[in-house]
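A.B. asks:
Number of protein chains: 2
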Amino acid sequence: MLRSLFTALRNMSTETTIPKAAAAAAAVPAARAEKKSKKDAGNAFVLKTPKGTKDWADKDMIIREAIFGTLSSLFKRHGGVTIDTPVFELREILAGKYGEDSKLIYNLEDQGGELTSLRYDLTVPFARYVAMNGISQIKRYHIAKVYRRDQPAMTKGRMREFYQCDFDIAGNYDSMVPDAEILNVLVSGLLGLGIKDFKVKLNHRKILDGIFQVCGVKDEDVRKISSAVDKLDKSPWEVVKKEMVVDKHQPEEVADKIGEYVKLNGSIRDVLATLKSDELLSKNESASTGIEELSTMVEYLEALEVEQYISLDMSLARGLDYYTGVIYEAVTAQSAPPTDAAEKKKKVTKNGADVEDASEYVGVGSIAAGGRYDKLVGMFAPTTKSGKTQSIPCVGVSFGVERLFSLIKQRQGLEAKVRPTNTQVFIMSFGGGADWTGFLKERMQVANTLWSAGVECEYLYKAKANPRKQFEAAEKTGCPLAVILGKEEFPEGKIRVKVLGTGENDDGDLIEVKDLVDVVKAKLAESKVDGVDEVTRLIRSL
Amino acid sequence: MLRSLFTALRNMSTETTIPKAAAAAAAVPAARAEKKSKKDAGNAFVLKTPKGTKDWADKDMIIREAIFGTLSSLFKRHGGVTIDTPVFELREILAGKYGEDSKLIYNLEDQGGELTSLRYDLTVPFARYVAMNGISQIKRYHIAKVYRRDQPAMTKGRMREFYQCDFDIAGNYDSMVPDAEILNVLVSGLLGLGIKDFKVKLNHRKILDGIFQVCGVKDEDVRKISSAVDKLDKSPWEVVKKEMVVDKHQPEEVADKIGEYVKLNGSIRDVLATLKSDELLSKNESASTGIEELSTMVEYLEALEVEQYISLDMSLARGLDYYTGVIYEAVTAQSAPPTDAAEKKKKVTKNGADVEDASEYVGVGSIAAGGRYDKLVGMFAPTTKSGKTQSIPCVGVSFGVERLFSLIKQRQGLEAKVRPTNTQVFIMSFGGGADWTGFLKERMQVANTLWSAGVECEYLYKAKANPRKQFEAAEKTGCPLAVILGKEEFPEGKIRVKVLGTGENDDGDLIEVKDLVDVVKAKLAESKVDGVDEVTRLIRSL
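These protein sequence lines are chains U and S, in that order. Following full-length UniProt numbering, the numbering of the first sequence begins with 1 at its first residue and continues without gaps. Following full-length UniProt numbering, the numbering of the second sequence begins with 1 at its first residue and continues without gaps.
(1) What's the C-alpha gap between G531 of chain U and D278 of chain S?
(2) Roughly how many whole angstroms lie between the Cα atoms of A255 of chain U and M444 of chain S?
(3) Given that I83 of chain S touches chain U, what residues does it touch there, using C-beta distances under 7 Å?
(4) Could you work out which residues of chain B lie near Q445 of chain U, taking near to mean beta carbons separated by less than 9 Å?
(5) Are the CB atoms of N265 of chain U and L312 of chain U within a distance shorter than 8 Å?
(6) Just to check my reading of the structure: Y459 of chain U and I427 of chain U have Cβ atoms closer than 8 Å, yes? What is that Cβ distance to the nearest angstrom?
(7) Can you give me the C-alpha to C-alpha distance between V520 of chain U and C457 of chain U, rounded to a whole angstrom?
(8) Which residues in chain U have a C-beta closer than 9 Å to the C-beta of V87 of chain S? List them in chain order.
(9) Does the region 51 to 66 of chain S come into contact with the region 146 to 158 of chain S, if we say contact requires no fewer than three beta-carbon pairs (one atom in each stretch) closer than 8 Å?
(10) Using CA coordinates, which residue listed in U:N133, U:I93, U:Y328, U:P251 is at the minimum distance from S117 of chain U?
(11) Taking all protein chains shown into account, decide if Q412 of chain S is buried (16 or more other Cβ within 10 angstroms of its Cβ) or exposed.
(12) Sort U:V87, U:T421, U:G325 by Cα distance to G396 of chain U and report the nearest one.
(13) If you check the beta carbons only, do P480 of chain S and S527 of chain S fall under 8 Å apart?
(14) Whose Cβ in chain S lies nearer than 9 Å to the Cβ of Q164 of chain U?
(15) Mind reading off the beta-carbon distance from residue 602 of chain S to I367 of chain S? Whole number of angstroms is fine, and I expect it under 8 Å.
(16) Please confirm if V177 of chain U has its CB atom under 8 Å from at least one CB of chain S.
(17) Express the C-alpha separation of E472 of chain S and S429 of chain S in angstroms, rounding to a whole number.
(18) If you check the beta carbons only, do S286 of chain S and Q213 of chain S fall under 8 Å apart?
(19) Since M428 of chain U is in the alpha helix (DSSP H), which residue starts that stretch and which ends it?
(20) Helix, strand or coil: how does DSSP classify Q308 of chain S here?
(21) Verify the CB distance criterion: does G371 of chain S have a CB-CB separation below 8 Å to chain U?
(22) Can you name, in chain order, every residue of its own chain whose Cβ lies under 6 Å from the Cβ of A377 of chain S, other than the five neighbours on each side?
(23) Any idea what DSSP makes of K487 of chain U, helix, strand or coil?
(24) How would you label Q164 of chain U, buried or exposed, when you count the other beta carbons within 10 angstroms and need 16 or more for buried?
(25) Using a C-beta to C-beta distance shorter than 7 Å, which residues of chain S count as neighbours of N422 of chain U?
(26) Can you tell me which of the three DSSP states N505 of chain U falls into?
(27) Check whether the region 139 to 150 of chain S touches the region 97 to 106 of chain S, taking contact to mean three or more Cβ pairs, one atom from each stretch, closer than 8 Å.
(28) Rank S:E243, S:E260, S:W56 by C-alpha distance to the C-alpha of A144 of chain U and give the top, closest one.
(29) Specify the secondary structure class of K498 of chain U as computed by DSSP and reduced to three states.
(30) Hey, could you find the ends of the beta strand (DSSP E) V146 of chain S is sitting in?
(31) Counting Cβ pairs, one atom from each stretch, are 3 or more of them under 8 Å apart for the region 176 to 193 of chain U and the region 73 to 91 of chain U?
(32) Out of curiosity, what's the CA-to-CA distance linking D270 of chain U and V81 of chain U?
(33) Since S315 of chain U and V245 of chain U should fall inside the 8 Å C-beta cutoff, what is the C-beta to C-beta distance between them, to a whole number of angstroms?
(34) Measuring straight from C-alpha to C-alpha, what distance separates S541 of chain U and R140 of chain U?
(35) For R496 of chain U, which residues in the same chain have their Cβ closer than 6 Å to its Cβ, ignoring the five residues on either side in sequence?
(36) Quick check on DSSP: helix, strand or coil for S398 of chain U?
If you want it as structure tokens, here you go:
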């Protein structure tokens with residue numbers, strides 16, 4: 001009876017054979033979903049997620065889990081512990097930490113309680129946590145969502161709700177030792193995710209400040225000149241110079257002097273040599289301190305084998321107010337806007353598409369960034385009787401998961417191999433005739449036995465299911481094994497275990513029901529596929 | 001030289017030996033942190049998290065990870081895929097889904113864009129996702145935070161920001177097949193977390209509706225009478241009856257009839273037999289359908305070996321509007337308020353403590369709950385030309401992680417064994433004299449070698465560190481191995497590997513530096529301790 005069913009199956013179209021890679025079919029591509037939601041506008045309201053946010057579908061989640069797993073095991077390798085903080089903070093905690101960007105903070109409505117806002121990054125909540133708990137040293141990682149009311153560019157991974165993966169070292173230590181380790185974490189993290197064509201730009205806030213001083217920028221103008229320099233990754237020097245002279249009222253000669261310095265970049269040792277030979281900078285206290293620190297750091301970077309990934313770049317300024325020492329930013333070739341961005345942008349606007357579409361023609365920006373911030377914890381620390389506040393120096397790095405995700409997802413051959421479920425066994429029943437019950441309860445019992453043994457398995461939620469439907473369902477999950485309850489075989493204590501996708505002539509093995517768990521486990525030892533583990537390997541190697 | 005250092009160390013106090021369990025010291029107990037934050041009120045503002053929210057400290061995170069890991073591997077065992085949705089939804093998506101509880105929704109401020117609100121649960125976003133993507137069947141799990149502006153009772157795990165772990169099956173299937181599997185998931189989830197003294201209350205909305213009809217409740221009053229019945233887990237019948245008669249204007253005889261039905265509870269088969277023998281109910285269409293469905297289900301529950309955990313309880317009503325079929329709720333002995341709750345509450349208020357403290361004297365409530373909701377997806381589905389909307393039937397369960405966490409954390413002996421880091425090796429250097437460099441760069445090189453080999457290791461961020469400080473730091477991490485660079489040994493290509501906590505007379509093994517990775521891996525094969533894995537085992541067994 002069972003044999004003849006197998007024969008019948010053999011005569012079916014090849015669609016019903018079960019290739020492992022076929023799992024792809026089950027997923028809903030996000031792009032299609034988005035289109036669909038727009039079409040359904042006949043409904044009472046448009047079904048969508050809020051602007052700048054998105055759903056993560058099943059296959060995307062597997063890739064995301066692989067990225068999180070890669071990064072969190074890296075952080076653990078360096079002795080990191082993890083913490084979590086609320087999605088919203090008291091509004092006063094966030095106030096005065098982000099400079100101009102504070103306008104991008106999401107506020108919660110005042111519903112008659114405390115005033116709160118969604119967190120803008122994980123750094124300020126971390127500093128609040130360190131101060132509130134009186135912690136003197138901690139290495140912590142935190143993987144969580146942050147919120148910015150920015151102009152989104154979805155396909156590039158620029159979102160209003162997005163994940164950050166942060167690793168920070170807080171505590172008083174010998175100079176530049178944790179800083180060098182953070183750069184090792186940054187480089188290892190990107191390499192572990194299969195990102196190879198990246199470059200880490202490094203600079204030091206104290207050197208930058210020294211440069212502005214020796215060029216004649218007044219102290220009160222340093223922050224705004226710094227934020228002009230920060231635009232050099234997107235705009236040519238002429239534009240930035242104009243901003244300094246016209247908008248920010250610097251004499252042209254001051255701007256020109258700055259222009260000479262900020263074009264310096266290259267290997268850390270080369271640029272340090274140039275800076276050291278600069279008489280003006282050598283006499284400047286701030287610059288000298290920065291230069292000395294980087295001279296110490298380069299030795300550590302060599303020992304940690306990351307020196308070669310880093311270039312010292314005087315044009316790197318980083319926007320955030322709270323940095324006080326080294327700053328760094330990793331970029332890839334894809335970080336930059338495409339060379340035809342301006343042209344494409346123009347065309348899109350001409351054809352009447354909305355502004356958001358045009359913003360797709362920007363780069364993804366930095367894929368990981370960070371720096372030293374020695375004063376932030378002190379902003380939350382209690383003031384002592386002598387009027388001093390004690391701060392805990394910190395240094396850290398933040399990986400931009402959405403940007404990394406969009407780079408990784410584009411890779412040739414990855415998405416087709418992602419299997420959204422982890423199902424290993426599909427339980428089927430074969431039978432027929434007027435007295436055929438369908439063995440639904442029996443399939444449940446077998447499933448329960450396998451679940452209890454830790455085996456991922458499924459069966460059709462149908463009292464009587466025909467073989468073709470069951471094979472199709474198994475194929476959808478992409479699972480490697482079928483367990484088959486035959487109408488005559490099962491009541492005799494026998495059950496069939498078949499490796500799927502092995503070709504037409506394999507009827508599987510008929511075994512004793514009592515041996516099922518052992519046989520399944522033995523077969524899975526060869527053929528089990530863990531989705532996240534496999535994707536983690538793929539991401540590293542593709 | 002190195003030998004004499006070991007001898008010196010032997011003469012140190014026993015504090016410097018490294019017992020593995022000593023890792024506890026590193027963590028900051030949340031309670032202490034909270035107290036501290038109140039003391040620091042001398043600061044510009046009180047350092048705290050918003051009301052009803054909390055930070056998760058390092059050790060708590062390990063327990064949480066173990067809980068999430070246990071539940072997500074359970075969900076995967078049943079063929080679940082995972083998705084993620086934004087923390088906030090368009091406000092109109094949430095409108096009209098939660099009945100009276102809608103007032104507990106957190107709104108985001110109108111900052112000149114769409115009106116949005118924080119999600120109240122994961123069920124409505126799931127239904128929106130299914131409808132928006134035109135999905136006809138999916139088994140999905142989702143572990144994420146939800147938000148309710150409720151009165152918090154923190155130590156019991158009643159929070160304003162809290163996690164839910166949901167598993168739902170959407171699709172048209174044979175009656176009660178997925179429903180029974182969801183109950184299997186519920187029971188397996190609790191057992192997998194070491195919860196043994198629980199009971200699952202089961203009921204069916206159609207039976208309840210039938211009961212209200214045969215007792216003479218008008219159709220328009222059914223929802224409000226149902227929500228009165230929902231209070232029976234907290235209030236005695238007399239109080240609920242009074243609410244029905246006085247507040248909700250039901251004739252006393254109607255209330256009395258309801259009272260007879262809702263006190264029915266016991267094994268599913270017994271209660272079903274009672275209901276079937278009831279003439280009024282047998283003639284009621286709604287009740288008959290429910291009774292028939294449960295009669296089918298009990299067979300499946302038997303096959304899935306969960307029948308014995310479940311009692312059919314006519315007093316279970318569940319608050320949410322969207323349920324249409326079976327409903328269920330798991331409770332433990334600790335779910336109920338303590339018997340002296342009323343007394344304690346009074347005392348606390350008398351002594352002038354705030355209201356929030358009094359609310360600690362409630363139970364944790366249900367620890368997992370769910371039901372069938374066949375109409376919710378249809379509320380988002382597009383209307384067809386014939387004016388029909390097609391809904392996708394769903395059934396699911398939600399685990400209350402904070403409540404489970406607070407039960408698990410209380411367990412004797414668990415917290416002391418939680419190690420917040422996963423560090424396996426501490427790298428030290430021993431030396432002295434005027435020419436002693438401290439081997440900082442050398443420790444970095446060794447660390448980098450071990451990190452590259454996937455080994456979790458740390459070293460002191462200090463150029464010259466004395467042996468005692470290094471052993472103390474190793475002890476804090478609770479790591480099992482030390483790797484020691486001796487001033488004379490290391491330049492000769494030798495390095496020492498010592499198992500920590502093995503007593504005074506063990507100097508470790510002096511090996512070739514080139515063999516380090518192999519030796520460390522071999523030793524860790526015996527002594528490696530993975531924090532989350534160990535806690536997962538402990539949670540299951542304690």
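Glycine is no exception: its CB is placed at the ideal position from the N, C-alpha and C atoms.
C.D. replies: Put simply:
(1) 52 Å
(2) 41 Å
(3) D55, W56, A57, D58, M61
(4) Absence of chain B from the displayed structure is noted, the protein chains being U and S.
(5) yes
(6) 4 Å
(7) 11 Å
(8) T53, V87, L118, K145, Y147, E161
(9) yes
(10) U:I93
(11) exposed
(12) U:G325
(13) yes
(14) Neighbours of Q164 of chain U on chain S: none; closest Cβ ~14 Å, over 9 Å.
(15) One cannot answer for residue 602 of chain S here, as it falls past the ends of chain S, which runs 1 to 542.
(16) yes
(17) 14 Å
(18) yes
(19) Element bounds for M428 of chain U: not the alpha helix (DSSP H) but the beta strand (DSSP E), 425 to 430.
(20) helix
(21) no
(22) According to the sequence as given, residue 377 of chain S is Val; it is not Ala. Cβ neighbours of V377 of chain S beyond the five flanking positions: A127, V130, A131, S391, I392.
(23) coil
(24) buried
(25) K76
(26) coil
(27) yes
(28) S:W56
(29) strand
(30) 138 to 147
(31) yes
(32) 37 Å
(33) Between V245 of chain U and S315 of chain U the Cβ distance is about 17 Å, and since that is not below 8 Å, they are no contact.
(34) 28 Å
(35) I484, G508, L510
(36) strand
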